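The sequence shown begins at 689 in our numbering and counts up one residue at a time.
C-beta: ideal position from N, C-alpha, C; glycine also.
Computed from a predicted model, the values in this text were never measured in an experiment.
What follows is a short report on a single structure.
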Amino acid sequence: MTAQISRRSTLKIAGIAAGAAGLGVGTGLAATPASAAGGAFAHPGLLHTGADLARMAAQVKAGAQPHTAGFARLTANRHAQSGWRANPQTTVVRGGTGQNYVILYNDIHAAYQNGLRHHVTGESVYADTAVAILNAWSAKLTSLAGNADRFLAAGLYGYQIANAAELVRDHPDFALDRFQEMLSGVFAPLSDGFLVEHNGAVVTNYWPNWDLANMACVLATGIFCDDRAQVARAVDYFKNGEGLGAVKKAIPVVHDDGLAEWLEAGRDQGHALLGVGLMGTFCEMAWNQGIDLYGYDDNRFLKGAQYVARWSMGGQVAYTENTRAKGAINGWSGRETASQAAGVDPNMTRPIWAMIANHYTKRRGLDASYVTRVAAKAAPEGGGGDYGPNSGGFDQLGFGTLAFTRDKATPAERSASPSGSTATPGSDSGAGATSKKGASSASPSPSASAQGGRGEDLAATGTSDFPAWTAAGGVAALAGGLLLLRRRNRQGGQS
689 MTAQISRRST LKIAGIAAGA AGLGVGTGLA ATPASAAGGA FAHPGLLHTG
739 ADLARMAAQV KAGAQPHTAG FARLTANRHA QSGWRANPQT TVVRGGTGQN
789 YVILYNDIHA AYQNGLRHHV TGESVYADTA VAILNAWSAK LTSLAGNADR
839 FLAAGLYGYQ IANAAELVRD HPDFALDRFQ EMLSGVFAPL SDGFLVEHNG
889 AVVTNYWPNW DLANMACVLA TGIFCDDRAQ VARAVDYFKN GEGLGAVKKA
939 IPVVHDDGLA EWLEAGRDQG HALLGVGLMG TFCEMAWNQG IDLYGYDDNR
989 FLKGAQYVAR WSMGGQVAYT ENTRAKGAIN GWSGRETASQ AAGVDPNMTR
1039 PIWAMIANHY TKRRGLDASY VTRVAAKAAP EGGGGDYGPN SGGFDQLGFG
1089 TLAFTRDKAT PAERSASPSG STATPGSDSG AGATSKKGAS SASPSPSASA
1139 QGGRGEDLAA TGTSDFPAWT AAGGVAALAG GLLLLRRRNR QGGQS
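Set out below in structure tokens:
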């Protein structure tokens, strides 16, 4: 499948200006970085703010732990070397024949790691390397292709390449305008389109991580390109989206003990960890623009992360049986039931936990015992290239021990909320959300009208690139609401 969604054929937004205006401006406290006034956002302001980068540099210079251990993992990674040379492609293919996406994700991680190394050391050679990689890709890349997995490429590599570029966006040689055009014209249209049409499938066909990857791309692109309407779309989808990546569908059941069931725990451990990492990434990028999604709906994400952390370490967790519809709209159909949490390998890991643990325990002063324990077990976190050669080892940018270890916030900072939050936690019920004992609905929205989608393409879920992780070798290779969204009527064909 080689179709590429054009920018104008993705989303139609009604009244989006009001939603964008509601994003507001952050408080300016160190614990709650502020977004810029007016149309622009705070930069750098995706996974790392200027204060974050300054903290990393100061701690490493002072020889502080665990920062120096985290930095040692960065400098040891082959992607973090100034000798890296880009290999840009005109078309990147993920899924089907002619796959070459391994080239893209290796180059992205090299750009990110060199950019991060520059900020810690102050050495310009690393920034120059990152800029050269990013400029090479923005000068050549024109499309993403493949079967359904092309949407994974758009989502995962879109949010990642935006984060790499955010580290060097002020470099005098960085082609900022051209890079923004690439994000907005190549990556974001596919991600926007997936969240609207889900590749022509019924809305529950794809597990939460598919939505979450594309949500992260839409949010990162909106922030990087100072597009407030795009950021509003992503934030609204997190709260009330139709797909399984919306927070109350990815985490459908909240128990009185403070744990909340992670839907994808019924699938397998690797994909559940991927989802937690992606949701954490989404929340962190929003937080750095003054939007508190970490705390949304009474810290629902914390409860889900605690659940996955306990389960991943071999603890017993409840799981409410759920059945989701599969198939294409007006086409093939099926159903799949998950009745219990899958088995786990307590040694399986991804570099996702330091960011989450530090937010809840240091910024907010909350208890996150399971997340804290699993974060300590995973430390010091590495990044792409440290967890195996396959794509699952590159789904997160990593290096959380270096990047997110922080001191505890003051009581005033802990009690503050970013003024950019678009809604009071718990103010939106969200379709299909269940508190305490229920389970979410698996029924697609009656407004879903996307056409097309062959069964064999819809069934391509990337599982062939998510083999079980092998801990012994250190290998990790696994991989409103949006009532504002309107599905564009199409004359058939694959979206």
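At least three beta-carbon pairs within less than 8 Å, the segment 1005-1025 to the segment 1069-1078: no
Straight-line gap, G1126 to A974 (C-alpha atoms, nearest Å): Because G1126 sits at a pLDDT of 33, beneath the cut-off of 50, its placement in the model cannot be relied upon, and the point is left open.
Spatial distance of A752 from F759 (CA atoms): 11 Å
Own chain partners of M744 with C-beta closer than 7 Å, once the 5 adjacent residues on each side are dropped: H755, H807, V808, L1090 and A1091
Backbone secondary structure at G1120 - three-state DSSP: Reliability of the predicted coordinates at G1120 is poor, the pLDDT of 35 falling under 50, and no value is obtained from them.
Meets three-Cβ-pair contact criterion under 8 Å: the segment 904-916 and the segment 943-959: no
Range of the contiguous beta strand (DSSP E) that encloses S831: S831 to A833
Beta-carbon spacing of Y984, V935 below 9 Å: yes
G968 beta carbon less than 9 Å from that of D1083: no
Boundaries of the alpha helix (DSSP H) in which S879 is found, first to last residue: A876 to E885
Cβ neighbours of V890 in the same chain (closer than 8 Å, five flanking residues each side left out): A1013, K1014, G1015, A1016, I1017, S1021, P1132 and A1136
E930: CB within 8 Å of a non-hydrogen atom of the ligand PLP: With respect to small molecules bound, the structure shown includes none, and the ligand PLP cannot be examined in it.
At least three beta-carbon pairs within less than 8 Å, the segment 869-880 to the segment 840-856: yes
Close-in-space but distant-in-sequence residues of the same chain around A852 (CB under 7 Å, 5 per side omitted): I796, A799, Y800, G803, A818 and L822
Cutoff 6 Å; reference V781; Cβ partners in own chain excluding five residues on either side: Q787, N788, A833 and G834
For E949, the residue or residues it bridges with in DSSP: V941
Closest Cα partner of P940 within the set A920, R988, R1094 and F862: R988
Span separating the alpha-carbon of D858 from that of F882: 31 Å
Inter-residue spacing [alpha-carbon to alpha-carbon] between W898 and D837: 9 Å
Identity of the residue in V748, E972 and A922 nearest L734 by Cα: E972
Cβ separation of H886 and G931, assumed to be a contact under 8 Å, to the nearest whole Å: 6 Å
Range of the contiguous beta strand (DSSP E) that encloses G1015: N1010 to G1015
8 Å CB neighbourhood of G810 in its chain, flanking five on each side removed: A745
C-alpha distance - L840 paired with D945, whole-angstrom precision: 34 Å
Segments assigned alpha helix (DSSP H), at least 4 residues, entirely inside the segment 987-1069: 1041-1046 and 1057-1066
Extent of the continuous alpha helix (DSSP H) run through T969: Q957 to W975
7 Å Cβ shell around I791 - same chain, five flanking residues per side excluded: N775 and Q777
Start-end ranges of the beta strand (DSSP E) lying completely within the segment 738-818, minimum 3 residues: 779-781
Assumed close pair T830, F875 - CB separation to whole angstroms, cut-off 8 Å: Not really, about 12 Å apart at Cβ, beyond 8 Å.
Straight-line Cα distance separating F867 from A824: 10 Å
Integer Cβ distance of A842 from S879, believed to fall under 8 Å: 5 Å
First through last residue of the alpha helix (DSSP H) which encompasses R866: L864 to M870
Rounded C-alpha distance that separates T1011 from A1029: 14 Å
Bridge-paired residues (DSSP) for G1080: DSSP output for G1080 lists no bridge partner at all.
Selected residue, minimal CA-CA separation from A920, among G1081, G978 and I1044: G978
CA-to-CA distance, D865 to A1045, given in whole angstroms: 36 Å
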